[in-house]
């Protein structure tokens, strides 16, 4: 009888331990990672970095995702989305959190600063310190910066046209990321010189204004258009316009060649290409940091990593449409999309 009691007690103890550590036990000992996205899973940037994170961490962790959806939702709803994301974190108690892009770090970084859970961010255009009290980046928070290669991109684009570019138009929406780029990359200037070209930067919130700007560009002596971000543009009623509608209209109606700074803008019926950033590389770099943390191999430095050199990506159909022949030294480096 005593043996039975002892066995019963041992079994109860084992079951209690299982209940205390359900996530790791049921997941075969894997760690739990919560990925909080500023945007949404169908946005190609997010889809690509999610794929990279899963490719890198799937053998080591169970990954769950939360989408703040701040590209499609109006700004007044962003704080509420952050509250829901925080509730998800408190409920799941993960071993590590990954924050995707500026809005996630902006709204949630200060909260995580008061916790001990390791946090890795990616896609940050701002100085990450700016999101924390006293501009202090906690040791348990680190990650990957995103710096669009705009000056280098313009220099390379000047090699692709028969006559040198003298005047180039760069277009952005008025999202958090765009405003940060205006400050960090362009230092508040809307006009600057790069090589032989004078660059004009415009930030446009509304669809009709965007379309008018595209149609008027040839008459204003621009030689080319480069697309930045256009994902938070609304119509005259303030309703979000799908980004695919913006870029397809731009590609179809522009009388000037349309290039891009990000891979998600390139393809058939879209932009021609350029020296661009892509989400997969951002996700891979962040996942490498996360893996070191999970395996306790991190050097615990909070200084952000600057990712990376960019890729030459071009659409074959758009190169053909605009009769653009890449220079030989770019042809061998380029990745080609339809």
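In this note's numbering, the protein residues as written are 23 to 360.
Beta carbons: idealized from backbone N, C-alpha and C, even for Gly.
- When secondary structure is reduced to three states using DSSP, residue 344 falls in the coil class, being assigned neither helix nor strand.
- No Cβ-Cβ contact shorter than 7 angstroms links residue 128 with residue 156.
- One alpha carbon belongs to residue 147, the other to residue 170, and they sit about 8 angstroms apart.
- Between residue 106 and the set 130, 116, 140, the nearest pair of CA atoms involves 130.
- For residue 235, same chain residues with a beta-carbon under 8 angstroms away, outside a window of 5 residues either side, are 191, 193, 224, 226 in chain order.
- The segment 63 to 79 makes contact with the segment 296 to 313: 3 or more CB pairs, one atom from each, lie closer than 8 angstroms.
- Per DSSP, the beta-bridge partners of residue 262 are 256.
- In this structure, DSSP gives residue 219 an extended state, which the three-state scheme calls strand.
- Around the beta-carbon of residue 125, 16 or more other beta-carbon atoms lie within 10 Å, marking it buried.
- Residue state for residue 102 is assigned as helix, using DSSP reduced to three classes.
- Nearest to residue 195 by alpha-carbon distance, out of 94, 108, 100, is 94.
- In the DSSP annotation of this structure, the continuous segment of the alpha helix (DSSP H) that includes residue 176 starts and ends at 172 to 179.
- Contact between residue 277 and residue 340 does not hold, since the beta-carbon distance rounds to 14 angstroms and is not under 8 angstroms.
- Taking all protein chains in view, the Cβ of residue 168 is crowded by 16 or more other Cβ atoms within 10 Å, so the residue is classified as buried.
- Assignment of beta-bridge partners to residue 247 by DSSP yields 191, 280.
- Contact between residue 200 and residue 251 is confirmed by a C-beta separation of about 5 angstroms, below the 8 angstroms threshold.
- As the crow flies, the alpha-carbon of residue 244 is around 19 angstroms from that of residue 230.
- For residue 351 and residue 205, the gap between their C-alpha atoms comes out near 33 angstroms.
- Straight-line measurement puts the Cα of residue 113 at about 50 angstroms from the Cα of residue 354.
- At least 7 angstroms separates the beta-carbon of residue 295 from that of residue 71.
- Of the candidates 104, 87, 173, 162, 173 places its Cα closest to the Cα of residue 213.
- For the pair residue 288 and residue 247, the CB atoms are not nearer than the 7 angstroms cut-off.
- Scanning its chain for C-beta atoms nearer than 7 angstroms, with the 5 sequence neighbours on each side dropped, one finds around residue 239 the residues 191, 247, 278, in chain order.
- In the displayed model, residue 315 falls within a helix according to three-state DSSP.
- Listed in chain order, the non-local C-beta contacts of residue 337 below 8 angstroms within the same chain comprise 288, 289, 290, 292, 293, 294, 295, 358, 359, 360, local neighbours out to five positions each way being set aside.
- For a cut-off of 8 angstroms, the C-beta gap from residue 121 to residue 140 is around 11 angstroms, too long to register as a contact.
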